[in-house]
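Number 121 in the numbering used here belongs to position 120 of the sequence shown; there are no gaps in the numbering.
Below: one structure, written as structure tokens.
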Amino acid sequence: MPTPSFGSPVIRAPEGGAPTIVHLTSEYSPFARTGGLAEAVMGLANYQVMGGANVVVFVPLYRSVRAHAPDLAPLGRPIQVALGFRSEEVRFFREVQQPAGPKVVFVDIPSAFSRAGLYGEGGRDYVDNARRFSLFSRAVLDGIPRLIAGPVLVHAHDWHTSLALMYMRTYGELRERFADTPTVLSVHNAGYQGHFPASMLNDCGIPPEVYNFRHLEWYDRINFLKGGLTFADMVVTVSPTHAQELRTPGGGFGLQEVFQWLGTRFTGITNGIDQSLWNPATDDQITANYSRTDTANKAKCKAALQRSFGLPQRKRIPMFGLTGRMVTQKGLDLVLNSQLIWTLDAQFVFLGAGEAKYERALLTLAKARPQHVGVQLNFTDRLEHRLMAGADMFLMPSQYEPCGLTQMRAQRYGSLPIGRRVGGIADTVRDDTTGFLFDEFQPAALDRAISRALARFADSNAWTPRMNAAMQQDFGWERSAERYAQVYQQAIEIAKQRR
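Okay, here's the thing in structure tokens:
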């Protein structure tokens, strides 16, 4: 059987050719998604293809994949992938009817990924996550030469795929095969690093010589993300402000010295959003379409949202939305301890699941204020679109926010963010122009920002120009993809120096 190939690459390689961009990711929309990672990788890959690049994305074949891609075709024969003292049979699949855009390869390791969840179930991580994602990373490296003709550039995402960069530089056969291969690591959320006990070294195929304070060791544990950082040619996080934060003791999650050590090999590039998908003028998931030049139908969207959450249909009452994972990072403690949210004559709608303590607290708040608070724990894309269109303001009091997509989407729908001045929120929201920002991680600081927003909302002559300014913001992937191309070129120059 001939080796299946995805065609000729189109980006300039060290030899003057053109490497295929290869993304390694644990999530990819719509096949596997728990948060912004899936959409961010999908958005970048799509725009790279639009720019003329040849792009291949490797993602695990979870059970959830079958819901979106029921018809899959194998790519070549099964292979055996050895890791530690054990080996696993691995198969590669693609969609039978491949849509235009990046070519997606599903890596089938049934023992690791044929499960109900991506990372765990019932609020608990799977105990073998270290080996699961080590196997995925190692399998992709064996799959690349079988599936892709010519040189490649490997772009890994977050801790789940970080070990691929270590394998490429420490395993003899891989070191030779990928000697000239440039590598990039994107850090989407450094709060999740992949910490595991040292007893997992063999299961993960980690050579003992790299389990040291320079590479993978972190307080007597394995740190997958640290390993990726120390072996990558270039490292990117998802906003310029967050890149600065990661270099500080207060914002580096214990890895600030590694981020500092990277120097000019570390930068921040703000994610984009798909502006054709998040567009109130054409969105088919909202009650009525509207635009910056004619926002009359936003009132219909607000009334529909009030009905959906069982709230009174009051046209002029301020309506606040919050959507996402209900976890500490998203500032739920500030929300639940806000004086205004417990007393204000306004409506608050919450969409999304998360930590049980926050789910219980939000339901308690809704029970205490049934005319003012609505909670929906079952997240759906359709309801998220309707929340964007119906809310007047969006709460984002994040403890930290590497990039954030919600504040960009909300502005496109004329729903002004009220957010903490961190990470991507600071980079994409202009205070008192397209939203309202605050600094201290305190309930009182959130309340002061809400009060400033309400003062503007009460005066249509003040609110309308701010809503218009928010709706005309450009958060497309074009400029971000251009910046990634520059990072890729830097990685290629670094790879040249290894010869």
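Cβ atoms here follow ideal geometry from the backbone N, Cα and C, with glycine treated the same way.
Bear in mind the structure is a predicted one, so any value in this text is a computation, not a measurement.
Residues bridged to residue i [DSSP beta-bridge criterion]
i    : result
Q348 : M320
H24  : V58, H156
L84  : R87
M397 : G420
E96  : L73
D109 : R92
P198 : R222
V66  : According to DSSP, V66 bridges with nothing at all.
A33  : Y29
G121 : D126
S187 : H158, V237
K104 : V57
Residue i and residue j closer than 8 Å at C-beta
i    : j    : result
A354 : L378 : yes
L76  : V106 : yes
A50  : P100 : The question names Ala, but residue 50 in the sequence shown is Val. No, the Cβ-Cβ distance between V50 and P100 is not below 8 Å.
V56  : T26  : no
C302 : A289 : yes
W464 : L45  : no
P371 : M397 : no
F267 : V236 : yes
L256 : L186 : no
S138 : L154 : no
L148 : D109 : no
M394 : A300 : no
I223 : F197 : yes
F442 : R422 : no
H373 : H158 : no
V82  : A140 : yes
A113 : R87  : no
Euclidean distance between Cα positions of residue i and residue j
i    : j    : result
K227 : L217 : 6 Å
G405 : F94  : 31 Å
S9   : Q286 : With a pLDDT of only 33 at S9, under the threshold of 50, the placement of this residue in the model should not be trusted, and no figure is reported.
P111 : D143 : 17 Å
Q194 : H161 : 8 Å
L166 : A367 : 47 Å
G415 : V336 : 22 Å
F310 : G375 : 5 Å
F439 : T249 : 20 Å
E40  : S481 : 14 Å
G118 : T294 : 43 Å
T21  : D382 : 32 Å
V488 : Q314 : 50 Å
S30  : A305 : 27 Å
G264 : R413 : 35 Å
A470 : L38  : 27 Å
A486 : N190 : 21 Å
V211 : T182 : 20 Å
E494 : D234 : 9 Å
P79  : V91  : 6 Å
E356 : G173 : 43 Å
M472 : D221 : 49 Å
K254 : R361 : Residue identity differs from the one stated: residue 254 is Phe in this sequence, not Lys. Taking the straight line from one Cα to the other gives about 28 Å.
F437 : G269 : 23 Å
F32  : Q276 : 20 Å
L341 : A74  : 55 Å
R279 : T184 : According to the sequence shown, residue 279 is Trp rather than Arg. Computed Cα separation, rounded: 31 Å.
S452 : W219 : 44 Å
R499 : A492 : 11 Å
G123 : A459 : 44 Å
R116 : D475 : 39 Å
M468 : G273 : 20 Å
Min CB distance residue i to chain C below 8 Å
i    : result
A191 : Considering every chain present, this structure includes no chain C. It has just one protein chain.
| request: Ignoring anything shorter than 4 residues or poking outside the segment 258–337, list the alpha helix (DSSP H) runs there in chain order. | output: 299–309, 333–337
| request: Ignoring anything shorter than 4 residues or poking outside the segment 353–384, list the alpha helix (DSSP H) runs there in chain order. | output: 357–369
| Within the segment 400–428, ranges of the alpha helix (DSSP H) (whole runs, at least 4 residues) | 407–413
| task | Check whether the segment 129–145 touches the segment 62–73, taking contact to mean three or more Cβ pairs, one atom from each stretch, closer than 8 Å. | result | no
| request: For the segment 197–206 and the segment 175–184, state whether three or more C-beta atom pairs, one from each stretch, are separated by less than 8 Å. | output: no
| the segment 433–452 touching the segment 243–256, judged by at least three CB pairs closer than 8 Å | no
| message | Could you tell me which whole alpha helix (DSSP H) segments of length 4 or greater appear in the segment 202–241? | response | 225–232
| task | Evaluate the contact criterion for the segment 345–352 versus the segment 319–335: three or more CB pairs, one atom per stretch, below 8 Å. | result | yes
| request: May I ask you to verify whether the segment 421–439 touches the segment 393–407, counting CB pairs closer than 8 Å and requiring at least 3? | output: yes
| Taking the runs of the beta strand (DSSP E) that are 3 residues or longer, which of them lie wholly in the segment 425–461? | 437–439
| request: At 3 residues or longer, and completely inside the segment 137–183: list those beta strand (DSSP E) runs for me, N to C. | output: 153–158
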